[in-house]
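Notes follow once the structure below has been shown.
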């Protein structure tokens with residue numbers, strides 16, 4: 001894209017309060033280390049797990065964060081900031097540390113996805129972008145993984161670009177859905193940027209721009225014999241299927257094979273059975289049926305339960321905006337500052353103090369058994385620790401896994417999550433407990449604050 | 458941002474099928490004029506109108522659309538396209554026409570938001586981006602206008618950036634909510650790019666990083682006396698309010714005035730009344746109360762019905778993702794090609810043929826009375842035509858209205874929409890009819906297609 005690095009392009013993509021708070025810290029010479037923890041407070045309806053995604057983007061942002069001369073000129077026009085502070089911003093870089101779950105990790109309510117430690121101005125400034133980036137990809141990876149699960153091995157392709165909430169979301173949805181096992185995307189730019197397989201069929205407009213449907217099919221088969229997918233519902237599914245049969249036979253005569261027919265409307269189970277029969281009756285058992293139109297994990301489940309003969313799904317809008325849960329109650333909270341654990345007590349929003357670690361136990365078969373959220377320094381001999389150091393002194397410590405490696409990691413981890421917790425409806429809550437060290441510190445800090453701020457003893 | 462123009466950066470932000478279809482058209486030398494119509498098929502639940510937004514972005518894209526050498530090199534690696542076609546893409550520019558609703562227009566189900574006419578490859582290629590761009594801003598403008606309506610004049614500020622679906626959405630939400638009357642945004646980059654007023658308060662982390670809440674308040678008031686908004690719920694709303702009173706009195710002694718206190722959790726109606734009383738008891742009638750935390754049109758309505766003493770709302774996540782309707786059933790359909798009206802017959806998705814115009818009638822008081830969707834060339838003597846020519850030969854015809862002009866236009870138009878159609882729950886359907894010319898042509902084309910494709914007589 002020949003663009004400036006993310007953190008330079010988007011330094012101002014933040015809430016104004018990040019800068020006013022930073023100015024206060026600067027004024028008070030508050031430069032001590034702060035640790036912020038990113039976590040999701042609550043499952044949305046029907047969610048029992050999350051899939052971590054977006055880490056690579058967050059780290060790229062931190063590594064390249066800087067205010068350009070143009071940014072500073074704009075900030076000067078607001079009249080809010082003095083020149084000392086603006087000059088400080090000019091030299092600001094992120095110099096801190098990050099511990100994080102690798103992309104593709106399974107995690108749960110209240111568990112930190114990542115923890116950022118650094119001088120408070122640097123770690124605070126990054127809040128808005130980090131929440132935004134990690135939240136979107138995690139939202140979509142979680143939603144898309146549910147579709148992968150119920151499709152039971154049938155290929156899924158992301159067709160959501162036109163309906164995603166903006167262009168950035170279009171790219172990230174393609175990436176996050178591939179991470180959890182989608183075969184690829186219709187999104188060409190995502191294909192280029194992330195090295196994803198790209199797929200395409202044809203639009204109804206393509207069919208209607210020809211005098212006859214079959215002409216449109218023939219031209220497509222002629223131009224793209226190796227990837228031909230014929231959309232058959234423009235006028236009528238069955239008549240469309242008959243035209244596809246004719247073209248498939250013509251392709252056979254040329255030594256080619258029609259790959260797919262595509263259904264896009266109507267009663268998918270009934271139509272797919274009829275189309276399957278028609279194809280089979282003509283010896284076209286190898287021609288597969290792709291279905292699109294409002295699919296997500298719920299509709300895939302329904303049509304398969306109805307006996308649909310669908311071999312692959314194009315998954316669009318509802319996955320691309322996470323329609324039944326379009327946001328997470330996600331937060332980036334200060335948990336430690338200047339060597340003191342800190343927290344807020346706001347109604348219903350109490351947070352877990354201090355730097356943490358997640359420990360996970362597995363049973364003899366390798367299945368996930370339960371997690372403990374502990375203080376970072378507590379040793380939990382029976383578990384596996386999940387948060388890993390990924391950044392120090394503002395630099396990524398070692399190359400991050402490739403997207404394909406993360407995809408394999410997700411696949412392996414997801415297979416270890418017992419079915420009851422994976423269920424797309426009424427999942428059983430996965431057991432997550434707090435370590436005794438964390439519980440003790442938590443109640444001690446609550447008491448200290450009540451004493452200090454509210455005069456309670 | 459020092460970036461390449463939108464259409465150059467995002468030429469590949471499209472579905473692969475746009476390019477495979479284009480290759481077929483190129484192969485067949487199909488370069489005749491096509492017209493595509495962009496419209497929303499159905500109201501989501503509880504919507505009775507839409508607010509048009511995103512046109513400026515769509516036109517900017519069309520004006521600057523071009524494939525870079527890097528784009529073409531990537532397309533070559535897919536092995537799908539021959540060099541003649543890639544060479545054609547190298548020279549491709551959008552050379553067509555656009556008719557559109559001005560941003561800020563009120564429109565309804567099935568009405569075209571815009572119609573694009575041009576050589577079919579150019580007009581088809583733009584589909585994905587145009588839907589994506591117009592859909593998002595229209596979605597948010599529509600949602601945000603509902604909040605503006607129920608706030609009854611109280612200022613609203615967009616605080617959604619951290620939870621929007623990606624960075625592009627963060628910018629567009631700030632723009633679209635300002636278009637319909639929000640006072641401004643917390644989003645600094647949106648402030649810079651669109652000239653929006655920016656607002657900020659402080660985070661809980663800011664409070665918890667100080668030894669005492671009141672220290673945090675004092676430092677903020679000292680640094681930002683003209684825009685001080687003190688967040689009072691970190692430990693306890695009432696004790697926070699008492700600290701704010703102390704600091705407000707200290708500010709008074711310096712000839713300054715505390716602007717706002719901010720509530721962010723708990724029972725907003727009850728707390729706001731108590732905080733109001735406390736402020737008033739100390740002669741701080743001028744200090745206003747800002748509330749944040751899960752607000753959208755529904756929660757604003759509820760807390761005001763409960764008698765909340767809230768003067769301004771920070772509106773975040775639920776508006777920023779249009780939580781109760783996170784996408785539109787929006788489509789960009791071929792309606793005319795090579796001087797012939799065209800349509801598809803897919804179940805439940807029949808589209809209106811040919812180039813169109815919307816005519817609107819107003820009563821003597823200027824209130825909107827009803828719309829007629831007509832063929833472009835039909836004269837409707839009593840109405841006002843809504844779709845305007847905005848682009849010809851691939852260039853914007855005359856400067857588009859500024860965002861502030863569009864905001865005024867929206868305000869004027871929205872006031873003309875009778876309350877029954879604006880209602881945020883169970884709106885009365887606004888009357889939209891089809892002209893006799895459109896109805897006749899529609900049924901004639903349906904018959905022709907049934908005859909031609911399905912052998913019906």
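Residue numbers (this note's numbering), protein chains in the order written: chain A, 1 to 457; chain B, 458 to 914.
Cβ atoms here follow ideal geometry from the backbone N, Cα and C, with glycine treated the same way.
Values in this document were obtained by computation on a predicted structure and should not be read as measured data.
Rounded to whole angstroms, what is the Cα-Cα separation between residue i and residue j?
| i | j | result |
| --- | --- | --- |
| residue 795(B) | residue 153(A) | 44 Å |
| residue 889(B) | residue 731(B) | 48 Å |
| residue 853(B) | residue 516(B) | 7 Å |
| residue 282(A) | residue 231(A) | 18 Å |
| residue 6(A) | residue 729(B) | 41 Å |
| residue 20(A) | residue 684(B) | 10 Å |
| residue 867(B) | residue 530(B) | 44 Å |
| residue 561(B) | residue 864(B) | 6 Å |
| residue 639(B) | residue 542(B) | 47 Å |
| residue 458(A) | residue 51(A) | Residue coverage of chain A in this structure runs from 1 to 457, which leaves residue 458(A) outside it and unanswerable. |
| residue 270(A) | residue 280(A) | 16 Å |
| residue 643(B) | residue 653(B) | 10 Å |
| residue 661(B) | residue 691(B) | 6 Å |
| residue 298(A) | residue 150(A) | 9 Å |
| residue 402(A) | residue 624(B) | 23 Å |
| residue 490(B) | residue 752(B) | 47 Å |
| residue 549(B) | residue 570(B) | 25 Å |
Indicate the three-state DSSP secondary structure (helix, strand or coil) for residue i in the structure shown.
| i | result |
| --- | --- |
| residue 1001(B) | Lying before the first or after the last residue shown, residue 1001(B) is absent from chain B, which here runs from 458 to 914. |
| residue 194(A) | helix |
| residue 490(B) | strand |
| residue 824(B) | coil |
| residue 813(B) | strand |
| residue 64(A) | helix |
| residue 18(A) | helix |
| residue 713(B) | coil |
| residue 468(B) | coil |
| residue 684(B) | coil |
| residue 232(A) | coil |
| residue 263(A) | strand |
| residue 458(B) | For residue 458(B), the pLDDT reaches just 47, beneath the cut-off of 50, and the residue's location in the model is therefore unreliable, leaving the point undetermined. |
| residue 97(A) | strand |
| residue 515(B) | helix |
For residue i, which residues in the same chain have their Cβ closer than 8 Å to its Cβ, ignoring the five residues on either side in sequence?
| i | result |
| --- | --- |
| residue 9(A) | 3 |
| residue 287(A) | 244, 248, 257, 258, 259, 260, 261, 279 |
| residue 405(B) | Residue coverage of chain B in this structure runs from 458 to 914, which leaves residue 405(B) outside it and unanswerable. |
| residue 218(A) | 247, 250 |
If I measure Cβ to Cβ from residue i and keep anything under 6 Å in the same chain, skipping five residues before and after, which residues do I get?
| i | result |
| --- | --- |
| residue 628(B) | 647 |
| residue 464(A) | The structure shown does not extend to residue 464(A), since chain A spans only 1 to 457, so no value can be given for it. |
| residue 913(B) | 907 |
| residue 748(B) | 720, 725, 767, 770 |
| residue 632(B) | 651 |
| residue 514(B) | 590 |
| residue 1(A) | Caution applies to residue 1(A), whose pLDDT of 47 falls short of 50 and renders its modelled position unreliable; the value that the coordinates give is listed next. Once the five neighbours on either side are set aside, residue 1(A) has no close Cβ partner at all. |
Tell me whether residue i is buried or exposed, calling it buried when 16 or more other Cβ atoms sit within 10 Å of its Cβ.
| i | result |
| --- | --- |
| residue 807(B) | exposed |
| residue 249(A) | exposed |
| residue 762(B) | exposed |
| residue 54(A) | buried |
| residue 399(A) | exposed |
| residue 838(B) | exposed |
| residue 862(B) | exposed |
| residue 492(B) | buried |
Identify, in the order they occur along the chain, each residue of the same chain with its Cβ nearer than 7 Å to the Cβ of residue i, setting aside the five sequence neighbours on each side.
| i | result |
| --- | --- |
| residue 630(B) | 597, 615, 617, 621, 777 |
| residue 874(B) | 506, 563, 825 |
| residue 637(B) | 508, 598, 601, 602, 605, 867 |
| residue 500(B) | 566 |
(request) Please go through the segment 104 to 137 of chain A and give each complete beta strand (DSSP E) segment of 3 or more residues, from N-terminal end onward. (result) Counting only unbroken stretches of 3 or more residues, the beta strand (DSSP E) elements lying wholly within the segment 104 to 137 of chain A are 114 to 119, in sequence order.
(message) Could you tell me which whole beta strand (DSSP E) segments of length 3 or greater appear in the segment 273 to 297 of chain A?
(response) DSSP runs (the beta strand (DSSP E)) wholly in the segment 273 to 297 of chain A: 288 to 291.
(message) My parser needs the alpha helix (DSSP H) runs of 4 or more residues fully inside the segment 623 to 651 of chain B; what are they?
(response) Inside the segment 623 to 651 of chain B, DSSP marks whole alpha helix (DSSP H) runs of 4 or more residues at positions 624 to 636, 645 to 651, from first to last along the chain.
(request) Kindly provide the ranges of any alpha helix (DSSP H) runs that are 4 or more residues long and lie completely inside the segment 291 to 348 of chain A, ordered along the chain. (result) Considered as a whole, the segment 291 to 348 of chain A harbours 297 to 305, 317 to 320 as its complete alpha helix (DSSP H) runs of no fewer than 4 residues, in chain order.
(request) Can you check the segment 382 to 441 of chain A for any alpha helix (DSSP H) of at least 4 residues that lies completely inside it and give the ranges in chain order? (result) Listed in chain order, the complete alpha helix (DSSP H) runs (minimum 4 residues) inside the segment 382 to 441 of chain A are 403 to 415, 419 to 422.
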